[in-house]
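Student:
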Amino acid sequence: MPSHASTSPIRLNDLTHPIVAGLISVIVNYGGTFILVFQAAKVAGLSPELTASWVWSVSIGVGLTGLYLSWRYREPIITAWSTPAAAFLVTALATTSYAEAIGAYIVSALAFVILGLSGYFEKVIRLIPLGIASGLLAGILLQFGIGAFGGATIDPLLVGLLIVAYVLLKRLSARYAVVGILVLGLVFLLMQDRVNLSGLTLALATPVFVMPEFSWNALLSVALPLFLITLTGQYMPGMLVLRNDGFKTSANPVVTVTGLGSLIMAPFGSHAFNVAAITAAIATGPEAHEDPSKRWIAGIAAGVFYVLIGVFGVTLAAVFMAFPATFITTLAGLALMGTIGGSLAGAVADPTHREAALITFLASAANISLLGIGGAFWGLVIGMVAYIALNGRLPRRETANVSVGEGAAK
5 MPSHASTSPI
15 RLNDLTHPIV
25 AGLISVIVNY
35 GGTFILVFQA
45 AKVAGLSPEL
55 TASWVWSVSI
65 GVGLTGLYLS
75 WRYREPIITA
85 WSTPAAAFLV
95 TALATTSYAE
105 AIGAYIVSAL
115 AFVILGLSGY
125 FEKVIRLIPL
135 GIASGLLAGI
145 LLQFGIGAFG
155 GATIDPLLVG
165 LLIVAYVLLK
175 RLSARYAVVG
185 ILVLGLVFLL
195 MQDRVNLSGL
205 TLALATPVFV
215 MPEFSWNALL
225 SVALPLFLIT
235 LTGQYMPGML
245 VLRNDGFKTS
255 ANPVVTVTGL
265 GSLIMAPFGS
275 HAFNVAAITA
285 AIATGPEAHE
295 DPSKRWIAGI
305 AAGVFYVLIG
315 VFGVTLAAVF
325 MAFPATFITT
335 LAGLALMGTI
345 GGSLAGAVAD
355 PTHREAALIT
365 FLASAANISL
375 LGIGGAFWGL
385 VIGMVAYIAL
395 NGRLPRRETA
405 NVSVGEGAAK
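Numbering of the sequence shown is given in my numbering, commencing with residue 5 and proceeding in unit increments.
1. Take isoleucine 282 as the anchor and find which of Gly143, Tyr124 and Thr95 has the nearest alpha-carbon.
2. Checking the sheet assignment: what are the DSSP bridge partners for tryptophan 85?
3. Any beta carbon from chain D within less than 9 angstroms of arginine 247's own beta carbon?
4. Short of 7 angstroms in beta carbon distance, which residues of its chain neighbour serine 192, apart from the five on each side in sequence? Order them along the chain.
5. By the three-class DSSP mapping on this structure, what secondary structure does leucine 50 have?
6. Methionine 269 and glycine 120 - do their beta-carbons sit closer together than 9 angstroms?
7. Give the C-beta separation of alanine 284 and isoleucine 39 to the nearest angstrom, bearing in mind that I take them to be a contact with Cβ-Cβ under 8 angstroms.
8. Is it a yes or a no for the segment 302 to 317 touching the segment 242 to 258, going by three-plus beta-carbon pairs under 8 angstroms?
9. Between proline 290 and arginine 76, is the Cβ-Cβ spacing less than 9 angstroms?
10. Give the secondary structure of glutamate 291 by DSSP, where H, G and I count as helix, E and B as strand, and everything else as coil.
11. Does the distance from the CB of leucine 338 to the CB of valine 182 come in under 9 angstroms?
12. Using the rule of at least 16 other Cβ atoms within 10 Å of the residue's Cβ for burial, across every protein chain shown, is asparagine 278 buried or exposed?
13. Is threonine 69 buried or exposed, if buried means 16 or more other CB atoms sit within 10 Å of its CB?
14. If glycine 107 and proline 216 are in contact, beta carbons under 8 angstroms, what's the gap, nearest whole angstrom?
15. How big is the Cα-Cα spacing for tyrosine 239 and isoleucine 233?
16. If you drop the 5 nearest sequence neighbours on each side, which residues of the same chain put their C-beta closer than 7 angstroms to that of glycine 379?
17. Quick check on this structure: which residue in Lys298, Leu264, Val385 and Phe231 has the alpha carbon closest to the alpha carbon of valine 128?
18. Count the other CB atoms within 10 Å of the CB of alanine 227; is the residue buried (16 or more) or exposed (fewer)?
19. Can you tell which of Ser225, Leu114, Trp60 and Ile332 has its C-alpha closest to the C-alpha of leucine 208?
20. Going by beta-carbon coordinates alone, are alanine 329 and glycine 155 separated by less than 9 angstroms?
21. Drop a sphere of 10 angstroms on the beta-carbon of glutamate 53, count the other beta-carbons inside from all chains shown, and report buried for 16 or more, exposed for fewer.
22. Taking 9 angstroms as the cut-off, decide whether the C-beta atoms of glycine 345 and alanine 115 are in contact.
23. Confirm, please, whether the CB-CB distance from glycine 237 to phenylalanine 381 is below 9 angstroms.
24. Using the three-state DSSP reduction, which class does glutamine 196 fall into: helix, strand or coil?
25. Just to confirm before moving on: does the CB-CB distance between threonine 333 and phenylalanine 218 stay below 9 angstroms?
26. Out of Ser138, Val308, Gly123 and Gly242, state which residue places its alpha-carbon closest to the alpha-carbon of valine 352.
27. What's the C-alpha gap between valine 214 and tyrosine 310?
28. Pick helix, strand or coil for methionine 240, following the three-state DSSP scheme.
29. From the DSSP output, in three-state form, read off phenylalanine 396 for me.
30. Which residues in the same chain as methionine 5 place their Cβ atom closer than 7 angstroms to its Cβ, once the five residues preceding and following it in sequence are excluded?
31. Please return the same chain residues whose Cβ sits closer than 7 angstroms to the Cβ of alanine 431, not counting the five positions on each side in sequence.
32. Using the rule of at least 16 other Cβ atoms within 10 Å of the residue's Cβ for burial, across every protein chain shown, is glycine 396 buried or exposed?
33. Since proline 80 contacts alanine 336 with CB under 8 angstroms, what's their CB separation in whole angstroms?
34. In terms of residues, what are the limits of the alpha helix (DSSP H) holding proline 160?
35. Mind checking glycine 49: buried by the 16 CB within 10 Å criterion, or exposed?
36. Measuring only the C-alpha atoms, how far is threonine 99 from leucine 366?
In structure tokens form, the structure reads like this:
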């Protein structure tokens with residue numbers, strides 16, 4: 005049973021905040037990183053039809069897997085496309101045919117299915133102490149927290165309005181702070197005519213099947229890097245986000261289901277999807293709901309929004325991408341304030357882990373990039389090495405930290 009399972013009825017008042025949290029996570033995902041998909045499609049020379057099929061497949065796949073996992077385990081298991089993998093494809097698709105790339109997507113997805121069924125990934129996750137996981141998450145999210153204020157240099161009126169509104173709403177009605185800044189920000193942008201919806205026409209996306217081709221070149225230059233980048237850059241921090249907020253669903257079904265989803269959607273253009281990390285933290289933390297047992301609704305809401313966007317393909321995705329970058333970064337940073345604070349508190353809570361957790365936090369915040377692997381992985385590696393060096397042993401498997409995680413989440 006999930007650690008936050010609850011038999012208490014869900015009231016209408018319990019729906020507002022998780023649904024808004026799910027919506028914000030979707031807005032941040034499309035507004036913040038989806039441009040990489042369009043850049044990769046342009047590099048590959050894809051037609052508008054193939055590009056729309058890519059958007060359809062990744063949005064529908066992410067939505068349905070997130071819906072199923074959140075419903076099945078009653079936890080906010082937000083799924084997303086692999087952002088670091090999309091960044092990798094911006095260069096990889098320049099030298100690989102699209103049919104071979106589709107074949108590589110299939111091989112990578114099969115590898116994740118096998119990994120999930122094997123159960124080894126969950127064993128690795130359980131070896132990571134809660135303090136190290138909290139330090140890693142705080143380091144990853146630090147740039148988003150800084151970004152909430154950094155945009156004031158570029159757009160002082162918008163950013164200032166959102167920050168002041170957030171602080172006032174926190175004082176007057178903390179539950180509605182994030183909901184309030186979302187609505188206020190959208191109204192402000194529409195009044196300033198900074199979100200142009202006049203040319204919006206809803207057109208259904210049509211999936212296009214691409215016959216995959218397999219080659220050793222694509223296997224080594226696309227499938228292998230795609231698997232490693234997604235595993236270290238998305239699955240690892242994504243599962244630790246769930247653990248940090250006290251959710252204990254095994255990684256095995258999450259990896260298996262998202263791997264199967266990627267496998268099914270690959271011939272239509274989807275490169276990879278997985279458990280989310282940054283955007284998941286918006287839905288797993290206290291801003292989504294003060295009661296952790298109600299936060300799974302955010303996973304359902306996010307899944308529904310992804311499916312709706314996928315049905316209309318490029319059209320609705322382009323709307324979110326039209327929002328000013330400062331609005332996206334400020335909204336994300338303020339929505340993550342509670343999670344950042346909880347992660348920092350969790351990182352320093354245990355004196356025996358404090359030094360290693362601090363090293364993990366700083367190394368993750370530095371966002372080191374080596375050998376094509378991103379900062380989350382290297383921050384975790386450095387933190388674990390520090391833990392072993394400081395404690396003289398490998399960490400024991402985490403089995404009794406549920407209450408600690410729940411306390412941080414609340």
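Where a beta carbon is used, it is the ideal one built from N, C-alpha and C, also for glycine.
As the structure is a prediction and not an experimental result, all values here were calculated from the model.
Tutor: Reading from the atomic positions:
1. Isoleucine 282 has its Cα closest to that of Gly143, out of Gly143, Tyr124 and Thr95.
2. Bridge partners of tryptophan 85: Phe277.
3. Protein chain content of the structure displayed is limited to a single chain, and chain D is not contained in it.
4. Note on residue identity: the sequence assigns phenylalanine, not serine, to residue 192. The residues are Leu162 and Leu165.
5. coil
6. no
7. So it is not a contact: roughly 20 angstroms between Cβ atoms.
8. no
9. Cβ distance not < 9 angstroms, so proline 290 and arginine 76 don't count as in contact.
10. DSSP, reduced to helix, strand and coil, places glutamate 291 outside both helices and strands of the structure shown, so it counts as coil.
11. yes
12. buried
13. Counting other Cβ atoms within 10 Å of its Cβ, threonine 69 reaches 16 or more and is therefore classed as buried.
14. 4 angstroms
15. If you draw a straight line from the Cα of tyrosine 239 to the Cα of isoleucine 233, it is about 9 angstroms long.
16. Ser368, Ala370, Asn371, Ile372 and Ser373
17. Val385
18. buried
19. Trp60
20. yes
21. exposed
22. no
23. yes
24. coil
25. Not a contact, by the Cβ cut-off of 9 angstroms.
26. Nearest C-alpha to valine 352: Ser138.
27. 23 angstroms
28. helix
29. Correcting the residue type first, residue 396 is glycine in the shown sequence and not phenylalanine. Of the three classes helix, strand and coil, the one that applies to glycine 396 here is coil, per DSSP.
30. Annotation note: pLDDT 40 at methionine 5 (below 50); position unreliable, coordinate value reported separately. The answer is none, since no qualifying residue turns up.
31. With the chain running from 5 to 414 in the structure shown, residue 431 is simply not present.
32. exposed
33. Incorrect: roughly 16 angstroms between the Cβ atoms, too far for contact.
34. 160 to 177
35. exposed
36. Each residue's Cα considered, the two are about 36 angstroms apart.
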